[in-house]
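Everything below concerns the one structure shown next.
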Amino acid sequence: MPAYKATWLAQALESIRRQTYRPLEVVICDDSRDQAVQTMVEAFAARVDFPVRYARNPNRLWEVRSTARAIGLASGEYIKFLHDDDVLHDDCIASLVDAFDRVPELALAAVRRRLVDETGSPLPDEPATAFPAHHDVLIHGHDLIDFFADHSLNFLGEPSAVLCRRAPLLEMGEQLSALNGEPIRWLADLAMYVKLLRQGPVAMIARPLVDFRISRLQFSQQGRDRPGIGEQWHQKFRNALRELGWCRGGDTSKVRIAALELPEQMQPIDLPQALEHAMEVAHTRAPLLDWQARRRPSVAQQAWLGARLGDAATPLIDIIVMDDGCSPTALRRSIASVHAAMPLPGMRHIHVAAVVHATDGNPVAGPRADSAAALLRGNAPWLMVLNAGTELLASGVARLLAELLEIDEKICALRADEWHRDASGDQHPMLQGRFDLDLLLGDPASLAHHWIFRRAAVMGAGGFDADAGAAAELGLLLRLVGRHGDAAIRHLPEPLLICHPPRHPAQAFQPIVLEHLHQSGHPQASVTALPSGVLQVDHGHSSEPTLSIIVVVSADVRLALLERCVISLLEKTRYSNYELLLVDNGAEPAISAWMQQVEALAADRIRSFRLEPSLRHAAACNLAATQSDADFLLFLRPEVAVLQPEWLHQLMDHGQRPDVGVVGAKTICGEGRITHAGLVPALFNSAGFAFAGLPMDAAGYMNRLLVAHACTAVADSCLLVARGLFHELSGFDHEVFAEHGADVDLCLRIAQRGLRCIWTPHALLLHSREATALQVDVEDTLLQRWQPELAADIAYNPSLRLDTPGGYRLGESDFSWQPLPARPQPRILAQPADPWGSGQYRVIQPFEALKREGHIEGVLYATLLHPLEQARIDPDVVILQRRVGDEDLGRMQRMRGFSRAFKVYELDDYLPNLPAKNVHREHMPRDVLRSLRRALSLADRFVVSTPMLADAFAGFHQHIRVAPNRLPIDWWRPLPAVPLNTTGKPRVGWAGGLGHTGDLEMIADVVSELAQEVDWVFFGMCPDRLRPYVAEFHPGVDIAQYPRALALLRLDLAIAPLEQNRFNECKSNLRLLEYGACAVPVVCSDVGPYRDPRLPVTRVRNRHREWVSAIRDHLADAGARRQAGDTLKSVVHRDWMLEGAGLEEWRAAWLP
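Per our numbering, the sequence shown runs over residues 30 to 1181.
Following this line, the structure appears as structure tokens:
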């Protein structure tokens, strides 16, 4: 380790301690000028089980020579480089050494690296970090040298990503980066690698096993920030390879490559093309990787979890790993992931208790008798079985441990969500709803693995069946259901692991499912394995109850559709014990006559009657139901047609189950697309119609379209319910839900009775309809009655979006990331009006600072959410910034009715009086005062930026708080030191946004008069009137880059003019703070926000002579000018940063 800074050294050292590989030693050569590195290393050495050798460099050696010195002090056969700001994953060294063991002729081994920022958050891949294959590979050394001679792209990685033998490095001495006797800067890594590659191939591990940090503190990053600075060294590097004769010429893009497991099978590939494709793949994968990366416990959450877990002597979970022997690295990956997934260093609350290896070449499908018995003898209260290659996720482990600490003692087993990794390395989220026994029985191949079992319950149920093979977990789970009921089984809505898709056929589970059905009161049940890989269950009922099919025919029904409905039903329905009730509810005369005719033709099967007067649909259904004395009622829309003989048998197969209250069918349109597959009523843009529009043969998300399963509701296009139950519940609530919503309401009332709502794909009907959103009044009525149930839909995962028609798309990670069952801090939903200045300073940065310090947790999101989306987040506080449009006000109105959250309205400008030349005027409502009054009437608190703004809005709200603008530490404290301007004219400048045309035109004459004395520098905007006098104009930059860009303007003096008007009087002093953070002295208007005596700036009245005189006074004394800038910087850093008491002001302003 060539160390020179201690900023992230502790993380780097901790990552060494967590390595699974032993023996190892650590050699650190310290290039720093203070004691911080040494102190940290000595503390580290005192607590690890391997030697640590520390050496302070007598003078600054810089990276390459410091590395060479460390190599000389080392004693190991291999050298693993690690820089002080990078982090190794737990099995990084073990994976690299294993590559050398498998291919002894290797010259170099490298792991894929993951870019992270200064906080450790992952960054998107760059061309140099894209990986050229889907698996571990071996690349021909000489071919790669040829490639580098034309393409000096270091895709192998920085030194922290590689491992090599020590002997060839010793031969290089201090010339690690030299080629042809000349050191190669900016490409020192590649210079060393090509010398090694002359001796053999390089192995590349496809998994990211090192975090490579991008930081402004790095010399290398400072180079990256200066485009073109390294190009001459790239050329020198390429030239050197040719001068040395190491480049053999020819097509240098063709490089031989092999799978690491098959090193002898080298095949040429076009490497630039492979890297380009890899970059495209990386861009595709980036959103999913970002989703995963965001799921990290906050400081407060980690503290809560650590305090609750304590230093337990025994683990919470014992794991048994099934190793089929197919991949030598799979077992190591699984074990390493267990260690890496601990939420806090030193924790070992998950323990690998046993490993089951393949015997005699036979893969292991489930726990054998010996391993199962060993597992049961452990001490952990919970057990889990994993296949080798499955990797645990730290976020999932944190969530799981927190769950187990609070879990009800009646829970016997639980299963978390997971990611499936396909053959190309792409990951797919497998996010379930609540535990559903029907879904498990129909798709055990997908759902009968990775269960976490309570040890005592397992022992009580007789343990794993050693003869059940792949179905061992399923058998145990079904025995637990039989003993304790499915209420003892829980789903954990958080991805716990990454694994390959299930590989066992459905037939492997068929006997276990059949046995369970026979033991559960269905002795005649049968189970069929379908070609789609799932099971179809028939419960084998011996009776055929009576059934009334109710078809309500209203005025809008067309005769052709009604004829199709009735005739197809009569001709194609095999179930015989039914009658058809045709209800004339105001139908056209021709249709009424037709119903009477068809009744006469089939009097034994059809009854028809007329409602006078006609009723709304729900009321008509209720009245029709009173005309039946059958055991069951089936409500069928007249547009529906029958497609298969078994449809009614399939519905009744579930309807006769004692635990089922309502059943629905699968419907498709004439184009063969799904129109009904059960309702997820929270899908507000499609009235709850899940999977609407998919092809009729689609498997659906997690095979849900192939298997009968529980859902929240089914549509009344085909709804089966027991007549007695229907009447007990007084039928549809026709008074509240006259036309729409009655079906959802009925299903939810049935669920309150403890009965299930089942949708089956095996009852197929034709029904064309569009899945359009419910009317707002209907939706609001459902929300008033059922919001908790709709927000936590039993068949839908909280990590899936609600705004996508058809549903089952991955949503915002932050919305569902709630790792603890309790909330150690308030949860805030912060909704900025923009991502720029106002949104950043007034919402985003205070939110991030409060979150970082552990004062809050929560979500940032710009768009105001639907009530159900917000209910899933369940915030304690909502921050609403500058919401004045009609759409936003409408959403705030609904929020008022459906959210318990404390609502804070945020504003930092006096919007009723925008200056005439302000470009933002056109974006404001015509009557902005009216809009503001309405918005504030819906808020519990009003937070503003200045006392003047609070006074201006006095009377608008009873509870107004002032939270002054403060500068974010990460942006404004680590600014680069800029050289003094010692030549040329003084640099005088202004920086700001587009809304300052009037302010700048006010001093146009000042700018013109001083144009020969100073270099005017404008940043962000410059009115046309001033352009002739401006020496430099810099366009605006991304706000995160703004502080650095402002500092690099190297201003000697800054100006801050403001017109005298009500709008400016209410503004804040933010511009003065920004200049001050850059140590730039300021001349400003003597106007409201700039009159704060705590800021040492020069104030002038808006008179030409005063402006010119003040500027010239500053220019006359460079020393005094610099002193004024330093003084202002000191005050800003001391009193105006977003920390300490200033941050506490924000916390108090936002929380109730």
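Note that CB positions come from ideal geometry on N, CA and C, so glycine has one too.
Close beta carbons around residue i, own chain, < 6 Å, minus the five adjacent residues each side
{"i": "residue 885", "result": "854, 855, 857, 879"}
{"i": "residue 1161", "result": "1102, 1105, 1106"}
{"i": "residue 1218", "result": "Residue coverage of the chain in this structure runs from 30 to 1181, which leaves residue 1218 outside it and unanswerable."}
{"i": "residue 1074", "result": "1066"}
{"i": "residue 1080", "result": "1016, 1018, 1109"}
{"i": "residue 807", "result": "769, 770"}
{"i": "residue 1046", "result": "1016, 1018, 1061, 1078"}
{"i": "residue 917", "result": "893"}
{"i": "residue 329", "result": "853, 854, 883"}
Residue i - DSSP class collapsed to helix/strand/coil
{"i": "residue 776", "result": "helix"}
{"i": "residue 371", "result": "coil"}
{"i": "residue 895", "result": "coil"}
{"i": "residue 827", "result": "coil"}
{"i": "residue 296", "result": "strand"}
{"i": "residue 253", "result": "Residue placement at residue 253 is flagged as unreliable, the pLDDT there being 40, under the threshold of 50; a coordinate-derived value is accordingly withheld."}
{"i": "residue 343", "result": "coil"}
{"i": "residue 1167", "result": "coil"}
{"i": "residue 459", "result": "strand"}
{"i": "residue 1118", "result": "helix"}
{"i": "residue 28", "result": "Past the boundaries of the shown model lies residue 28; the chain is included only from 30 to 1181, so the question cannot be answered."}
{"i": "residue 313", "result": "helix"}
{"i": "residue 887", "result": "strand"}
{"i": "residue 623", "result": "helix"}
{"i": "residue 907", "result": "strand"}
Boundaries of the alpha helix (DSSP H) in which residue i is found, first to last residue
{"i": "residue 83", "result": "Unbroken run through residue 83 is the beta strand (DSSP E), 81-85; no alpha helix (DSSP H)."}
{"i": "residue 1072", "result": "1071-1076"}
{"i": "residue 1100", "result": "1099-1106"}
{"i": "residue 283", "result": "Per DSSP, residue 283 belongs to no alpha helix (DSSP H); it is in the beta strand (DSSP E), 283-288."}
{"i": "residue 261", "result": "260-272"}
{"i": "residue 1140", "result": "1133-1145"}
{"i": "residue 658", "result": "Run containing residue 658: none; DSSP gives neither H nor E here."}
{"i": "residue 475", "result": "473-476"}
7 Å Cβ shell around residue i - same chain, five flanking residues per side excluded
{"i": "residue 89", "result": "60"}
{"i": "residue 156", "result": "182, 304, 308"}
Where the beta strand (DSSP E) containing residue i begins and where it ends
{"i": "residue 412", "result": "411-416"}
{"i": "residue 607", "result": "607-614"}
{"i": "residue 695", "result": "689-697"}
{"i": "residue 202", "result": "Per DSSP, residue 202 belongs to no beta strand (DSSP E) and is neither H nor E."}
{"i": "residue 547", "result": "Counting along the chain, residue 547 falls outside any beta strand (DSSP E), though it belongs to the alpha helix (DSSP H) covering 539-548."}
{"i": "residue 935", "result": "931-936"}
{"i": "residue 1064", "result": "1061-1064"}
Cβ-Cβ separation, residue j to residue i (assumed contact under 8 Å), whole Å
{"i": "residue 896", "j": "residue 812", "result": "6 Å"}
{"i": "residue 170", "j": "residue 229", "result": "5 Å"}
{"i": "residue 334", "j": "residue 326", "result": "7 Å"}
{"i": "residue 237", "j": "residue 142", "result": "6 Å"}
{"i": "residue 370", "j": "residue 349", "result": "Rounded, the Cβ-Cβ distance is 17 Å, inconsistent with contact."}
{"i": "residue 1034", "j": "residue 1133", "result": "6 Å"}
Contact set for residue i: own chain, Cβ-Cβ below 8 Å, skip 5 residues either direction
{"i": "residue 700", "result": "none"}
{"i": "residue 914", "result": "954, 960"}
Residue i CB to nearest heavy atom of the ligand NAD below 7 Å
{"i": "residue 743", "result": "With respect to the ligand NAD, the structure shown offers nothing to examine, as it has no ligands at all."}
Contact between the region 510-520 and the region 437-454 is defined here as three or more beta-carbon pairs at a separation below 8 Å; is this criterion met?
Cβ pair count under 8 Å is three or more, so yes.
Does the count of Cβ pairs from the region 720-729 and the region 652-659 closer than 8 Å reach three?
No, they do not touch.
Are three or more beta carbon pairs between the region 658-678 and the region 744-755 nearer than 8 Å?
With the cut-off at 8 Å, the region 658-678 and the region 744-755 touch.
Check whether the region 840-853 and the region 708-716 touch, using three or more Cβ-Cβ pairs below 8 Å as the test.
Segments in contact, no.
Assess contact between the region 1084-1104 and the region 1047-1066, defined as three or more Cβ pairs (one per stretch) separated by less than 8 Å. Is contact present?
Not touching, per the Cβ criterion.
Between the region 1083-1093 and the region 931-945, do at least 3 Cβ pairs fall closer than 8 Å?
Judged by Cβ distances under 8 Å, the region 1083-1093 makes contact with the region 931-945, as three or more pairs qualify.
Quick one: any contact between the region 820-833 and the region 448-468, if contact means 3 or more CB pairs under 8 Å?
Flag = yes, the region 820-833 and the region 448-468 touch.
Below 8 Å, how does it come out for the region 148-166 and the region 73-87: are there three or more Cβ pairs, yes or no?
The region 148-166, when compared against the region 73-87, does not touch it at the 8 Å Cβ threshold.
Counting Cβ pairs, one atom from each stretch, are 3 or more of them under 8 Å apart for the region 207-223 and the region 177-191?
Between the region 207-223 and the region 177-191 there are three or more C-beta pairs closer than 8 Å, enough to call the two in contact.
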